[in-house]
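S.K.: In the numbering used here, the protein residues as written are 163 to 465.
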Amino acid sequence: MRGIVKRFPGVVANDRVDFSLHKGEIHALLGENGAGKSTLMNILAGLYRPDEGTILINGKPAVFNSPRQAIEHGIGMIHQHFMLVPSQTVTENILLGLNSPRFFLDLSRLDQTIAELGKKYGMEVDPSAKVWQLSVGEQQRVEILKMLYRGAEILIMDEPTAVLAPTEIGTLFQTLRAMVAGGKSIIFISHKLNEITGIADRVTVLRRGRVTAAGVSARGVTRANLARLMVGREVIFFHEKKAVQPGKTVLSVRGVHAENDKGLPALRGLSLDIRQGEIVGLAGVAGNGQRELADVITGLRGC
């Protein structure tokens, strides 16, 4: 990508951005929220048209007017928010949007093909399972398999760890390394410094739509340097937190049971106390009852 410019009303999201990707590498695209990372990759994936600049694929100019044209050139994007149909199976979601008419398809054979593809890259998932039955990590595998099934050689991953538990992040990284070993190239969008130094081969940093570091080796760069390139100043990673003595209990939840929108158990005997003057964090991957708990507390859902 050379000299990419993308303007929106009142803002230049990408300001003459250069970006290159080598075969068989993981290239991290780093920056704060709003730095222009997703905009740049949406251009590469065919979702946006650049106002200026050129895209070269294997040295040849390419113009994408749609994601379909991008995937025809071997480029697929796995978005942070999955684009799956919950009521359909894994195989049906992977086939969705392809030109082959359904009545000509042997779904049993395709189930086997997709299962073998998943096994090849360490992404086992039941092809016949409905998407709503899958965990968030498994749904992400379906999105990746969808791109691989379409023949993607370049995979763009937009904040792929944002929805994953720590154990799932390790599994994802193993999958990415397996794909790179098989000749795929990966663009890894993130703002998490520890992930970048752990998985990437090279790093490009964006700040306010401009490149502040282009394709530097991830091996010799420090988190402090990356942070400075991201925000334009020195960053203090640790600060001392003052001890606070909480007051009396202001909210007490005891033995709460609640169902999600599908009628499945979301809360199973949950108990929680919140005291005056404290901040209580609810940790967990999306879809593990956080929204249902908030609904119960605010009276939007019965228990």
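From the three backbone atoms N, C-alpha and C, an ideal C-beta is built for every residue, glycine too.
(1) Tell me where the beta strand (DSSP E) around M163 begins and ends.
(2) Could you pull the start and end residues of the beta strand (DSSP E) that P223 belongs to?
(3) When DSSP labels each residue in this structure, what does K410 get in the three-state scheme?
(4) One question on the structure: do F335 and A190 come within less than 8 Å of each other, judged by their Cβ atoms?
(5) Would you mind sorting T384 into buried or exposed? The rule is 16 or more other CB atoms within 10 Å of its CB.
(6) With 16 other CB atoms within 10 Å as the buried threshold, where does G345 fall?
(7) In terms of alpha-carbon separation, which member of R169, R178 and G172 lies closest to V373?
(8) Please classify N227 as buried or exposed, where buried requires at least 16 other C-beta atoms within 10 Å of its C-beta.
(9) What whole-angstrom Cβ distance do E254 and H353 have, given they're in contact under 8 Å?
(10) Measure how close the beta-carbons of V247 and I276 come, nearest whole angstrom, since I'm counting them as under 8 Å.
(11) Give the range of the alpha helix (DSSP H) segment to which T216 is assigned.
(12) Can you give me the Cβ contacts of I358 inside the same chain, cut-off strictly under 8 Å, excluding the 5 residues immediately before and after it?
(13) Do R164 and G215 count as a contact pair if the criterion is CB distance below 8 Å?
(14) CB-CB under 6 Å to L391, same chain, minus the five flanking residues each way: which ones, in chain order?
(15) Answer with yes or no whether the minimum CB distance from G439 to chain D is below 8 Å.
(16) From the DSSP secondary-structure annotation, give me the bridge partner or partners of R369.
(17) H235: buried (16+ other C-beta within 10 angstroms of its C-beta) or exposed?
(18) I need the boundaries of the beta strand (DSSP E) containing P248, first residue and last residue.
(19) According to DSSP, which residues form a beta bridge with V378?
(20) Does G394 pass the burial test, meaning 16 or more other C-beta atoms within 10 Å, or should it be called exposed?
(21) Locate the alpha helix (DSSP H) running through S433, then write down its first and last residues.
(22) Can you tell me whether R312 is helix, strand or coil according to DSSP?
(23) Got a sec, what are the start and stop residues for the alpha helix (DSSP H) F335 sits in?
(24) Give me whichever residues DSSP pairs with A420 in a beta bridge.
(25) The alpha helix (DSSP H) that contains A197, what's its start and end?
(26) From S200 to G417, what distance separates their C-alpha atoms?
(27) Roughly how many whole angstroms lie between the Cα atoms of G431 and A224?
(28) Hey, G186 and V342 are a contact pair by Cβ (cut 8 Å); roughly how many whole angstroms apart?
(29) With a Cβ-Cβ cutoff of 8 Å, do A207 and I166 count as a contact?
M.R.: In terms of the structure at hand:
(1) Locating residue 163 in the sequence shown gives position 1, counting from the first residue. No beta strand (DSSP E) contains M163, which DSSP labels as neither H nor E.
(2) Looking up residue 223 in the sequence shown gives position 61. Element bounds for P223: K222 to A224.
(3) Working through the sequence shown from its first residue, we reach residue 410 at position 248. Coil at K410, not helix or strand.
(4) Residue 335 sits at position 173 when you count from the first residue of the sequence shown. Residue 190 sits at position 28 when you count from the first residue of the sequence shown. Contact flag unset, no.
(5) In the sequence shown, counting from the first residue as 1, residue 384 sits at position 222. T384 should be labelled exposed.
(6) As a working mapping, residue 345 is identified with position 183 in the sequence shown. It counts as exposed.
(7) Position 211 of the sequence shown, counting from 1, holds the residue named residue 373. Nearest of R169, R178 and G172 to V373, Cα basis: R178.
(8) Here the question's residue 227 lines up with position 65 in the sequence shown. N227 comes out exposed.
(9) As a position in the sequence shown, residue 254 is number 92, starting the count at 1. As a position in the sequence shown, residue 353 is number 191, starting the count at 1. That pair is no contact at about 34 Å.
(10) Within the sequence shown, residue 247 is the residue found at index 85, counting from 1. Within the sequence shown, residue 276 is the residue found at index 114, counting from 1. About 16 Å; that fails the 8 Å criterion.
(11) Counting from 1 along the sequence shown, the entry for residue 216 is found at position 54. First-last for T216: E214 to I219, but that is the beta strand (DSSP E), not the alpha helix (DSSP H).
(12) The residue given as residue 358 occupies position 196 in the sequence shown. Hits under 8 Å: A190, L192, F350, S352, V365, A380 and L388.
(13) Here residue 215 is taken as the residue at index 53 of the sequence shown, counted from 1. Here residue 164 is taken as the residue at index 2 of the sequence shown, counted from 1. Yes.
(14) For the purposes of this step, residue 391 is taken as the residue at position 229 of the sequence shown. The answer, listed in chain order, is V367, T374 and A375.
(15) Structure shown: chain D not included; a single protein chain is present.
(16) Against the sequence shown, residue 369 aligns to sequence position 207. The partner list for R369 (beta bridge, DSSP) reads R372.
(17) Position 73 of the sequence shown holds residue 235. The residue in question, H235, is buried, as its Cβ has 16 or more Cβ neighbours within 10 Å.
(18) Translated into positions along the sequence shown, residue 248 becomes position 86. Run containing P248: none; DSSP gives neither H nor E here.
(19) Counting from one through the sequence shown, the residue named residue 378 turns up at place 216. Beta-bridge pairing links V378 to V365.
(20) Position 232 of the sequence shown, counting from 1, holds the residue named residue 394. Under this definition G394 is an exposed residue.
(21) Looking up residue 433 in the sequence shown gives position 271. From DSSP, S433 is part of no alpha helix (DSSP H) but of the beta strand (DSSP E) over P427 to R437.
(22) Start at 1 with the first residue of the sequence shown, and residue 312 comes out as number 150. R312: coil per DSSP, three-state reduction.
(23) Within the sequence shown, residue 335 is the residue found at index 173, counting from 1. Segment P328 to A343, the alpha helix (DSSP H) holding F335.
(24) As a working mapping, residue 420 is identified with position 258 in the sequence shown. Note: A420 sits in a beta bridge opposite L429.
(25) Looking up residue 197 in the sequence shown gives position 35. Element bounds for A197: n/a, residue is neither H nor E.
(26) Translated into the one-based positions of the sequence shown, residue 200 becomes position 38. Translated into the one-based positions of the sequence shown, residue 417 becomes position 255. Each residue's alpha carbon lies about 42 Å from the other.
(27) As a first step, residue 431 must be located in the sequence shown, where it is residue number 269. As a first step, residue 224 must be located in the sequence shown, where it is residue number 62. Distance between the alpha carbons of G431 and A224 is about 56 Å.
(28) Residue mapping note: residue 186 aligns to position 24 of the sequence shown, counting from 1. Residue mapping note: residue 342 aligns to position 180 of the sequence shown, counting from 1. The Cβ separation is near 6 Å, so the contact holds.
(29) Numbered from 1 along the sequence shown, position 45 holds the residue referred to as residue 207. Numbered from 1 along the sequence shown, position 4 holds the residue referred to as residue 166. Not in contact: A207 and I166 (Cβ atoms no closer than 8 Å).
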